[in-house]
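Encoded as structure tokens, the structure appears first; notes follow it.
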Amino acid sequence: MELCDHSAAELGRKLRSKEISAKEIAGSVLKRIEEKDKQYNAFITLTDELALKQAEEVDKKISQNENLSPLAGIPVAIKDNICTKGIATTCGSKILEGYIPPYSSTAVQNLIDDGALIIGKTNLDQFGMGSSTENSHFGPTKNPHNPEYVPGGSSGGSATAVALGESVLAIGTDTGGSVRMPAAFCGVVGMKPTYGRISRYGVVAYASSLDQVGGFGRNVGDTALVLDSICSYDKNDSTSANLPKPNFYPSLKPDLKNLKIGLPKEYFVEGIDTRIKEKILAAVKLLEENGAEVHEVFLPHTKYAISTYYLIATAEASSNLARFDGVRFGYRAKEDVTDLTTMYEKTRSEGFGKEVIRRIMLGSYVLSAGYYDAYYLKAQKVRALIQHDLESAFEKVDCIITPVTPTLPFKIGEKNEDPLQMYLEDIFTVSLNLAGLPGISLNCGYVNEFPVGFQIIGKAFDETTILNTAYAYEQLHSNNK
Ligand code: GLN
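To convert, note that position 156 of the sequence shown is 155 in numbering that gives the first Met the number 0; the numbers rise steadily by one, no gaps.
Right, here's the structure in full:
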């Protein structure tokens, strides 16, 4: 086992006892990237020099016996739609070619302040739009368990990097499942906290009322560690929740006593692969046998979640992406540009990928006069019903368990030409974003070589219950193997 395969918590202990140095940790991760990333394509940009410089600083602090934060010396990979000062941020798109942010997002700044080693920027579906990491200008990322398959998306680069040991931790964004879904497809843990927990300042906006940053680790403890660093109140984000910094990691307890788990019937019916269903129900049984109570809950508006999400997300995207016009950021078309309008048209049609263009068109349509009431306003009303379903369920239970995806990882190219099939992959993840609730995705076994994930949803700002439940499950599951 190389250093890059150890957990963040373990590496932290070894660092503090001076058994290893931060430079050795960085070296181990960079070596793994060198060995694997040509094939898997998890990274768009590597920041090896920065990581080594940061490692040196951590080692210096250790030699002077200075106090270190838990993330000091731990490699973290950053999804490439999160701004990093002085480091290219592409959003996986040609349209941001050459863009170097003049500032870092608050989430990244928190990691830097905590002494984490920034390893590089990871691949994604352009602007976070997709469920497979195939919609990237820089080519698809490959599933770490079988490179002919997708790693899920849109944070597929971050999930793959963590699964392969190309990083120990990673962060991503989750607008409709983009942290939880690739975590499930890659067999790692991914968590999106409550909307407002993590500042969106410096996160390139896709759909602002849904976007939230999340963290990846190879176990629950590591995921809690990265969240402890990136969750913070930020006056630069008007939707940031004014709460004290959490202590998720130190307060983890594998406690299932009196825990009421809700199981929504609607999430286990049509369309779900029965092999996934069996694994998840076995996980629920294990929790039940160890002290949790299981209750049926009803989320009757689930069948409208995908349509509601894709109306609201595309509407917000069409407005957010209007700023990419060839004037202020990145790429500008030069050939055959005769006037300003042609410059805009050519820049946007050459710079954005096909899926991004599809969504801008759909979003502009649902916001246009005459269709606004029929689609956008209606979707907002259904969003309230979906939120209400979850609120009512949480009057009876402490958390809700569901699948993450209806299918196992699919082959690269298999769904790319059929956007509706691709959108259906998000059926179990989007409701949380519509309601702003926290959710964690973790592994509950394998079908052939492919990992199966399940999702635990919590009440707003009650990340602790879902982390503790996940932590308890992780221990039971590893004892049961
Ligand atoms: N797959 C969803 C979409 O394409 C979710 C993406 C995300 O969470 N960024 O919109």
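Don't be surprised by glycine CBs; every beta carbon is placed ideally from N, CA and C.
Host beta strand (DSSP E) of residue 190 (start-end)
To locate residue 190, count along the sequence shown from 1; it is residue 191. 188 to 191 is the span of the beta strand (DSSP E), which, as asked, contains residue 190.
Flag residue 79 as yes when its Cβ comes closer than 7 Å to any non-hydrogen atom of the ligand GLN, and as no otherwise.
By 1-based counting over the sequence shown, the position of residue 79 is 80. Outside the cutoff, so no.
If distances are taken between C-alpha atoms only, which option among 273, 141, 45 comes closest to residue 117?
For the purposes of this step, residue 117 is taken as the residue at position 118 of the sequence shown. Checked all of 273, 141, 45; the closest Cα to residue 117 is 45.
Considering Cα atoms alone, identify which of 303, 460, 428 is closest to residue 454.
As a working mapping, residue 454 is identified with position 455 in the sequence shown. The shortest Cα separation from residue 454 among 303, 460, 428 belongs to 428.
Can you round the beta-carbon distance between residue 399 and residue 304 to whole angstroms, since I take them to be within the 8 Å contact cut?
Your numbering for residue 399 matches position 400 in the sequence shown. Your numbering for residue 304 matches position 305 in the sequence shown. Contact flag wrong, Cβ pair sits at about 14 Å.
Using C-beta distances below 7 Å, list every residue in its chain close to residue 166, excluding the 5 sequence neighbours before and after it, in chain order.
The count along the sequence shown starts at 1 and reaches residue 166 at position 167. Taken in chain order, the residues that qualify are 28, 74, 75, 76, 118, 160.
Through-space distance from residue 369 to residue 10, alpha-carbon basis:
Counting from 1 along the sequence shown, the entry for residue 10 is found at position 11. Counting from 1 along the sequence shown, the entry for residue 369 is found at position 370. Roughly 58 Å between the two C-alpha positions.
Below 8 Å on the Cβ atoms is my guess for residue 313 versus residue 268; work out the distance and round it to an integer in Å.
Numbered from its first residue, the sequence shown carries residue 313 at position 314. Numbered from its first residue, the sequence shown carries residue 268 at position 269. Not confirmed; about 27 Å, so no contact.
Just to check, is the beta-carbon of residue 205 closer than 7 Å to a non-hydrogen atom of the ligand GLN?
Position 206 of the sequence shown, counted from the first residue, corresponds to residue 205. Yes, the beta carbon of residue 205 sits closer than 7 Å to at least one heavy atom of the ligand GLN.
Coarse secondary structure for residue 420, derived from DSSP in three states:
Counting from one through the sequence shown, the residue named residue 420 turns up at place 421. DSSP places residue 420 in helix when its eight states are reduced to three.
Any non-hydrogen atom of the ligand GLN within 7 Å of residue 312 CB:
Residue numbering aside, residue 312 sits at position 313 when the sequence shown is read from its first letter. Residue 312 Cβ: within cutoff of the ligand GLN.
Compute the beta-carbon to beta-carbon distance between residue 232 and residue 309, rounded to the nearest angstrom, for a pair I have assumed lies under 8 Å.
As a first step, residue 232 must be located in the sequence shown, where it is residue number 233. As a first step, residue 309 must be located in the sequence shown, where it is residue number 310. Going by Cβ atoms, the distance from residue 232 to residue 309 rounds to 31 Å, so no, they are not a contact pair.
So residue 402 and residue 275 are supposed to be a Cβ contact under 8 Å. How far apart are they, rounded?
Looking up residue 402 in the sequence shown gives position 403. Looking up residue 275 in the sequence shown gives position 276. Contact flag correct, Cβ pair sits at about 6 Å.
Looking only at C-alpha atoms, which of 437, 468, 443 sits nearest to residue 461?
Residue 461 sits at position 462 when you count from the first residue of the sequence shown. The shortest C-alpha separation from residue 461 is found at 437.
Return helix, strand or coil for residue 434, following the three-state DSSP convention.
Within the sequence shown, residue 434 is the residue found at index 435, counting from 1. Reduced to three states, the DSSP call for residue 434 is helix.
How long is the line joining the alpha carbons of residue 55 and residue 298, rounded to whole angstroms?
Taking the sequence shown and counting its residues from 1, one reaches residue 55 at position 56. Taking the sequence shown and counting its residues from 1, one reaches residue 298 at position 299. Their backbone Cα atoms lie some 52 Å apart in a straight line.
Can we count residue 172 as close to the ligand GLN, meaning its CB is less than 7 Å from some heavy atom?
If you number the sequence shown from 1, residue 172 lands on position 173. Yes; taking the cut-off as 7 Å, the Cβ of residue 172 has a heavy atom of the ligand GLN nearer than that.
Once the 5 residues before and after residue 148 are set aside, which same chain residues still bring their CB inside 7 Å of it?
As a working mapping, residue 148 is identified with position 149 in the sequence shown. Result list for residue 148: 142, 408, 409, 410, 411, in chain order.
Taking only three categories from DSSP, how would you classify residue 121?
Counted from its first residue, the sequence shown places residue 121 at position 122. Strand.
Using the three-state DSSP reduction, which class does residue 232 fall into: helix, strand or coil?
For the purposes of this step, residue 232 is taken as residue 233 along the sequence shown, with counting starting at 1. Three-state DSSP puts residue 232 in coil, outside helix and strand.
For the segment 253 to 270 against the segment 224 to 239, are there 3 or more C-beta pairs whose distance is under 8 Å?
In short, these stretches do not touch, since the Cβ pair count stays below three.
According to DSSP, simplified to helix, strand and coil, what is residue 415?
If you number the sequence shown from 1, residue 415 lands on position 416. Coil, per DSSP.
Which runs of the alpha helix (DSSP H) fall wholly inside the segment 46 to 71 and span at least 4 residues, in chain order?
Contiguous alpha helix (DSSP H) elements confined to the segment 46 to 71 occur at 47 to 62, taking only those with 4 or more residues.
Assuming residue 213 and residue 189 make a contact with CB atoms under 8 Å, what is their CB distance in whole Å?
Here residue 213 refers to the residue found at position 214 when the sequence shown is read from its first residue. Here residue 189 refers to the residue found at position 190 when the sequence shown is read from its first residue. The pair is a contact, with the Cβ atoms about 6 Å apart (cut-off 8 Å).
Please find out if some non-hydrogen atom of the ligand GLN comes closer than 7 Å to the beta-carbon of residue 360.
Within the sequence shown, the letter at position 361 stands for residue 360. Outside the cutoff, so no.
For residue 440, which residues does DSSP report across the bridge?
Within the sequence shown, numbered from 1, the residue matching residue 440 stands at position 441. DSSP, once it has assigned bridges, lists 189, 454 as partnering residue 440.
Between which two residues does the beta strand (DSSP E) holding residue 170 run?
Here the question's residue 170 lines up with position 171 in the sequence shown. Segment 168 to 172, the beta strand (DSSP E) holding residue 170.
Unbroken beta strand (DSSP E) run spanning residue 293, endpoints:
Here residue 293 is taken as the residue at index 294 of the sequence shown, counted from 1. Note, residue 293: beta strand (DSSP E), 292 to 296.
Just checking my contact of residue 105 with residue 95 at CB under 8 Å: how many whole Å lie between their CB atoms?
Looking up residue 105 in the sequence shown gives position 106. Looking up residue 95 in the sequence shown gives position 96. Contact doesn't hold; Cβ gap of about 20 Å is too wide.
Put residue 116 into one of helix, strand or coil per three-state DSSP.
Residue 116 sits at position 117 when you count from the first residue of the sequence shown. Residue state, collapsed to three classes: strand.
Give me the residue from 382, 209, 61 with the minimum Cα distance to residue 15.
Here residue 15 corresponds to residue number 16 of the sequence shown, with the count starting at 1. It is 61 whose Cα lies nearest to the Cα of residue 15.
Close Cβ partners of residue 433 (< 8 Å) along its chain, the five nearest in sequence each way excluded:
As a working mapping, residue 433 is identified with position 434 in the sequence shown. Hits under 8 Å: 209, 304, 307, 308, 311, 382, 385, 386.
Would you check whether the ligand GTP has a heavy atom nearer than 7 Å to the C-beta of residue 428?
With respect to small molecules bound, the structure shown includes the ligand GLN and not the ligand GTP.
Sort 81, 92, 128, 273 by Cα distance to residue 107 and report the nearest one.
Position 108 of the sequence shown holds residue 107. Ranking the options by Cα distance to residue 107, first place goes to 81.
Kindly list the residues whose CB is nearer than 6 Å to the CB of residue 430, restricted to its own chain and excluding five residues on each side of it in sequence; keep chain order.
In the sequence shown, residue 430 corresponds to position 431, counting from 1. Excluding residues within five positions, the ones whose Cβ falls inside 6 Å are 304, 385.
Tell me whether the beta-carbon of residue 251 lies closer than 8 Å to the beta-carbon of residue 286.
To locate residue 251, count along the sequence shown from 1; it is residue 252. To locate residue 286, count along the sequence shown from 1; it is residue 287. No; because the gap between Cβ atoms is not below 8 Å, this pair is not in contact.
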